[in-house]
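For the sequence shown, position 22 (counting from the first letter as 1) is numbered 33 according to the working numbering, and the numbering increases by one without interruption.
Heads up, the beta-carbon is just placed ideally off N, CA and C, and yes, glycines get one too.
Keep in mind that this is a model prediction, so the values were computed, not measured.
Here's the structure we're looking at; comments come further down.
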Amino acid sequence: MTATAGYGQALDLITRVGGVRGAMLVSAEDGIVVAEQLMEGIKGTAVAALAASLSTRLRRAMEAAGVGASLFWHLQAEQGALLVVPTPNGILVVAVAEPDVNVGLVRLELLRAAEVVG
């Protein structure tokens, strides 16, 4: 399987969950979008930049706290949620979701997608 096909498969795992409006693979280092499946109206580059920036800040804060690397984050907002799983190879697996999404199910699919991505 090619990397591109694997990326599509990873995004499919996430976007099939009800309430998910989009999924992305983002470089944690620089916020570049590696792959995306987004509904119309979602600004992928802005989401990618936010995820990468938060990733850097969280990594530093977690190291300073001495608790190790983050495994999953969930940011809840008035009109939706951002859910992220970082991978060991520097890719962030990101979901953009409705406010009432089943967070546990999305987390499970994000973790599965992270395994596919590597």
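Burial state of residue i, where buried means 16 or more other Cβ atoms lie within 10 Å
| i | result |
| --- | --- |
| Arg-27 | exposed |
| Val-58 | buried |
| Pro-97 | buried |
| Val-105 | buried |
| Met-35 | buried |
| Ser-66 | buried |
| Val-78 | exposed |
| Ile-25 | buried |
| Leu-86 | exposed |
| Ala-132 | Given a span of 12 to 129 for the chain in the structure shown, any question on residue 132 remains unanswerable. |
| Met-12 | Any answer about Met-12 is weak, because its pLDDT of 47 lies below 50 and its placement is not dependable; what the coordinates show is given next. Answer is exposed; the Cβ neighbour count stays below 16. |
Integer Cβ distance of residue i from residue j, believed to fall under 8 Å
| i | j | result |
| --- | --- | --- |
| Val-127 | Gly-30 | 21 Å between Cβ atoms; not a contact. |
| Gly-33 | Val-107 | 4 Å |
| Ala-63 | Asp-41 | 7 Å |
Same chain only: Cβ atoms within 8 Å of residue i, ignoring 5 sequence neighbours per side
| i | result |
| --- | --- |
| Leu-69 | Ser-81 and Trp-84 |
| Gly-91 | Arg-32, Val-107, Ala-108, Glu-109 and Pro-110 |
| Arg-15 | Sequence check: residue 15 is Thr here, not Arg. The residues are Ala-46. |
Check: residue i C-beta below 7 Å from any heavy atom of the ligand HEM
| i | result |
| --- | --- |
| Glu-74 | The ligand HEM is absent from the structure shown, which contains no ligand whatsoever. |
Sequence-distant residues of the same chain with beta carbon closer than 7 Å to residue i, five excluded per side
| i | result |
| --- | --- |
| Gln-20 | Val-127 |
| Ile-53 | Arg-32, Gly-33 and Val-107 |
Which residues DSSP lists as bridging residue i, in chain order
| i | result |
| --- | --- |
| Ile-43 | In DSSP, Ile-43 forms no bridge with anything. |
| Met-50 | BP columns for Met-50 are empty, so no partner. |
| Met-73 | According to DSSP, Met-73 bridges with nothing at all. |
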